[in-house]
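Take a look at the structure below.
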Amino acid sequence: MKLSVIIPTFNRRRTLQYNLRLLARQTLPLDRLEVLVGDDGSTDGALEMLRSMPVPYRLVVLETGSPAVVNGVTWAMNLGLEHATGEYVFFLDDDMLLKPDALEWLVATLEAWRRRGEDVLVRGWWKDNRFLRRLRLESYDYRLDVGRNEKLRQLLENRYDLPVAMVHSAQMGLLRRHALTVGGLPRDNVAYGFDKAKQFQHRLKEELGLRFVFEPRIFGLHGPMPGDITRFAYSDRTRRPPRWRRTLARLLGRSGA
5 MKLSVIIPTF NRRRTLQYNL RLLARQTLPL DRLEVLVGDD GSTDGALEML RSMPVPYRLV
65 VLETGSPAVV NGVTWAMNLG LEHATGEYVF FLDDDMLLKP DALEWLVATL EAWRRRGEDV
125 LVRGWWKDNR FLRRLRLESY DYRLDVGRNE KLRQLLENRY DLPVAMVHSA QMGLLRRHAL
185 TVGGLPRDNV AYGFDKAKQF QHRLKEELGL RFVFEPRIFG LHGPMPGDIT RFAYSDRTRR
245 PPRWRRTLAR LLGRSGA
């Protein structure tokens, strides 16, 4: 198996179903792809949908065994990592809807860097799904945003050596053995996973010396579809770091993103 896509999910049945259908349209040969969904205690029928949904790729359904407020998103991500068989893994949010050639670009980017003798972590580019009605996902070109999107411009300027603050767990791909070497993501009992993903990324950079690169052609639309129970993933605010939005803004400000 070439690529394992790992999707943690909690109460996003409708969005997840649409996501899985879009993955079936990827230009990467589907016999090189497996998708592992780690369900973190959904109560909206997501598990029943997963078990009955026909897809043209290998779909592995996993359960953390506890509600999201007990385990948290990184438990579901680690569960997928432990069962993955691909040479590469790609962590993908359940509400990240990918352009059809995104996974092909991911694998091509990872393998191009390996041919140069360097292993990397790769992130892509996305827009909020409020743009869905104005964009054709299949025909979107990141160059439409260059010059008017400051964050994209900064990412492009640093695209071959990103700081940790400019990498997001919603879309990140790397060699599976690298993720396993650092022990996966921290398993602390935290429902909100942003800080835990940053710890994971820091270890990859500091312990393994991985370079973080940006490939804008790995593109997706981000955000749940209307009607899902959980508008914001892992939305138990009592378990989120306080003022997380301002903390994120400060981190991105320091990185120049």
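Residue numbers (my numbering): 5 to 261.
Just so it is clear, CB atoms sit at the ideal spot from N, CA and C, and this is done for glycine as well.
Straight-line gap, residue i to residue j (C-alpha atoms, nearest Å)
i      : j      : result
Arg180 : Leu96  : 14 angstroms
Gly49  : Val65  : 13 angstroms
Pro264 : Val41  : This structure cannot settle anything about residue 264, because the visible part of the chain is limited to 5 through 261.
Val150 : Leu156 : 7 angstroms
Tyr238 : Gln30  : Confidence is the limiting factor: at Tyr238 the pLDDT is only 46, short of 50, which leaves the residue's position unreliable and the question unanswerable from this model.
Ala261 : Leu159 : Confidence at Ala261 is low in this model, with a pLDDT of 37, below 50, so the placement of that residue is unreliable and no value is reported for it.
Thr68  : Asn82  : 10 angstroms
Leu212 : His182 : 8 angstroms
Leu34  : Ala28  : 7 angstroms
Gly45  : Arg17  : 12 angstroms
Asp123 : Arg191 : 25 angstroms
Asp105 : Glu219 : 12 angstroms
Pro230 : Gly121 : 44 angstroms
Gln203 : Thr89  : 24 angstroms
Gly227 : Glu210 : 31 angstroms
Val168 : Asn15  : 29 angstroms
Val171 : Gln205 : 8 angstroms
Asp240 : Arg119 : Bear in mind that the predicted position of Asp240 carries a pLDDT of just 39, short of 50, making it unreliable; the figure below should be weighed with that in mind. So the alpha carbons of these two residues sit roughly 44 angstroms apart.
Arg20  : Asp99  : The sequence shown places Leu at residue 20, not Arg. Going from the Cα of Leu20 to the Cα of Asp99 covers about 7 angstroms.
Trp79  : Leu7   : 20 angstroms
Val77  : Pro12  : 6 angstroms
Ala201 : Gly188 : 10 angstroms
Ala112 : Glu161 : 21 angstroms
Ser56  : Gly128 : 31 angstroms
Glu115 : Val217 : 13 angstroms
Asp43  : Val126 : 24 angstroms
For residue i, the residue or residues it bridges with in DSSP
i      : result
Leu66  : Gly42
Thr13  : Asp43
Phe223 : Trp129
Met100 : His226
Phe216 : Leu125
Leu54  : Its beta-bridge partners do not exist; DSSP assigns none.
Leu208 : Leu208 is not bridged to any residue.
Simplified DSSP state of residue i, which is helix, strand or coil
i      : result
Ala253 : In this prediction, Ala253 scores a pLDDT of 42, lower than 50, which makes its location untrustworthy; the coordinate-derived value is nonetheless stated afterwards. Three-state result, Ala253: helix.
Met176 : strand
Tyr92  : strand
Leu37  : strand
Leu7   : strand
Tyr22  : helix
Asn82  : helix
Ala28  : coil
Tyr61  : coil
Arg111 : Residue identity check: residue 111 is Val in the sequence provided, not Arg. Three-state result, Val111: helix.
Leu168 : The amino acid at residue 168 is misidentified as Leu; the sequence shows Val. Three-state DSSP puts Val168 in a helix.
Arg181 : helix
Leu159 : helix
Tyr146 : helix
Val186 : coil
Arg119 : helix
Ala201 : helix
Supposed contact pair residue j and residue i - C-beta distance, whole angstroms, cut 8 angstroms
i      : j      : result
Tyr164 : Phe223 : Actually they do not touch by this definition, with Cβ atoms about 18 angstroms apart.
Leu101 : Asn153 : Actually they are not in contact, since the Cβ atoms of Leu101 and Asn153 sit about 19 angstroms apart, beyond 8 angstroms.
Arg62  : Glu86  : Arg62 to Glu86, Cβ: 16 angstroms. No contact.
Val186 : Leu208 : 6 angstroms
Arg221 : Trp130 : At roughly 12 angstroms, the Cβ-Cβ gap does not stay under 8 angstroms, so Arg221 and Trp130 are not in contact.
Met5   : Arg25  : Met5 to Arg25, Cβ: 21 angstroms. No contact.
**Item:** Given 8 angstroms, three or more beta-carbon pairs between the segment 166-178 and the segment 87-105
**Value:** yes
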